[in-house]
Each structure stands twice: as C-alpha cells, then as structure tokens.
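In this note's numbering, the protein residues as written are 1081 to 1375.
Every residue gets a Cβ at the ideal spot worked out from N, C-alpha and C, and that includes glycine.
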C-alpha cells in the first residue's frame, strides 16, 4: 500500500473537467471560457462541501505533485540578483488542500485566506525543496522566480514565467511519492497565483478543455458517494464532467503501480542494452585475438 499522511480510504478523488459546447476559437473566447470554468469548479466544490457526509473538500491542479513535470525556478537574492537555479514540481492548490492532506508545518506558516488573491505571491515548499534547492538553509522569506521552460506547452499547470513569489512556510515531505517519500522538491502555490487560464487548469495539449482534481474527505460512516458527486456536478452545469472517481487510496495505488512499472521497464531496457554492449565487446575482442593468432 502507498504510505499517506491521512486515512486515504476515507478520501474520494475525481477529475473535474468541462467540455465546451462550442469550442472557443479566439484567445479572448478561450480566456472567457476558462475563467467561467474556474468559477464553475469552485461552485462544485462549495456545493459538495454542504453534503452532510463531507467533512472537507479541496481542489488542486493534479492528483499529487509527483506526476507533474519539473519546473525551473530561480532563487532571487538582494537587488533582484539570481543566486542559483533549481527545479521543482509545482502543485497549485486551494485554501483547503494542505489542511485536508494533513500537511505538517515545520517552519513559518501555511497558506492563509489572504494568500488566495491575484495580488498574493506566497508559496509553501516541502523539506526536499529546502534540502535540494537551498542547501538546508532557512527557507522562510526566500524569494523565487519561475523560469521559462523550452518546449513548454502553455497548458501546463505552473505560474507564468517571470512570476516572483516568496516562501512563507515549509511542510514535511508528502508520504505519497511513488519512489519513496521526500524524493521530489515541491512548491505548493495558490490556484489564485495567476488568473484562471490554460496554464493553471488546462490539460497539456488541450487548453480548450480545462480540468482540475477534486478531493473530498468523507465521514467514515458515509455511504456510496459517487452517485451524489455526479448529481451535484450535473446540477451546476451540463458541460461539466466528472471522471476517475474513486478513493484516494485507489488513485494513488494506481499511480504508484504505473510509476513502478515504468521504472522496472526502464531498468530492464538498460540491462538489455548493457548486456548487448558487453556481448559486442566480447565478440570484437574474440575476433581480434583469433585474427592475431592466425597471423
């Protein structure tokens, strides 16, 4: 089983998305569509929160940070001088996410209500980021700036290039990493860090079809929840869709299995290549020795 910091069987998760009845054609239409999608996602979250069986509910840009691609960030010193660069996985979260996931704060403060506005520039990082990017030094108050990635799709879930933020807190490494806790440096940034756009809620390669991950903590005595979730989503807007509904334990187990399988396949291919290389070298040496013997 995947190690988590919370009772994963009591958590339900699903992907919440929206399909346009008429696909937006211009940048202005796309922006309007994505902004309205963000409002609808928040309405779904708020409706679900009123269900008696739900204790907490949150939205994030993905199932976890571990299946996000690495984003380059710069550590900014005095006078705006960049002191060093690092790479981290960025997970955009709403104001309930860290609390819902039982994230343990070890320095500074968590993201509060004031941090969820377009003007805010606060982020929280995990221990691995402090160790890997900052060499273990005090992270609270450190300023970061997101860098541009080559070949980046405009739909990836990271703040815009050049966005400057400040670390306000540090949390323990999440226990849901597919390759062991703490191996990934993670930045938890507010969903409101940038305006709702393909960059914050879009599927990679499909900016016209926004999506976000929904998490809900249920009462242990709650009955089946999937049907009620589908009903709530349908009542908010007919263009909304809900998929991959299941417990958090099931979702992370599936990701964990897939990541492990990918790692084993990579190692198997590497071993085969190594064996073929050794065999080729041995054959070449044998041929050389045989030729010299004949001479």
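Sequence-distant residues of the same chain with beta carbon closer than 7 angstroms to residue 1180, five excluded per side:
1136, 1138, 1295 and 1297
Compare the Cα-Cα distances from residue 1206 to each of 1093, 1355, 1129 and 1188 and report the closest residue.
1188
Can you give me the Cβ contacts of residue 1101 inside the same chain, cut-off strictly under 7 angstroms, excluding the 5 residues immediately before and after it?
1319
Any chance the region 1310-1324 sits against the region 1112-1127, with 3 or more Cβ pairs inside 8 angstroms?
yes
For the beta strand (DSSP E) holding residue 1143, just list the boundary residues, first then last.
Looking at the DSSP string, residue 1143 is not in any beta strand (DSSP E), and its letter there is neither H nor E.
Taking just the CA atoms, how far does residue 1305 sit from residue 1360?
59 angstroms
So is residue 1358 buried or exposed if we call it buried at 16+ other beta carbons inside 10 Å?
exposed
Buried or exposed, going by whether 16 or more other CB atoms sit within 10 Å of the CB of residue 1128?
buried
Can you give me the C-alpha to C-alpha distance between residue 1112 and residue 1103, rounded to a whole angstrom?
12 angstroms
To the nearest angstrom, how far is it from the Cα of residue 1265 to the Cα of residue 1157?
20 angstroms
Assigned secondary structure, residue 1220 (DSSP; H/G/I helix, E/B strand, else coil):
coil
Select from 1183, 1204 and 1106 the residue whose C-alpha is nearest the C-alpha of residue 1168.
1204
Distance, Cα to Cα, residue 1324 vs residue 1142?
12 angstroms
What separation, rounded to the nearest whole angstrom, lies between the Cα atoms of residue 1190 and residue 1356?
52 angstroms
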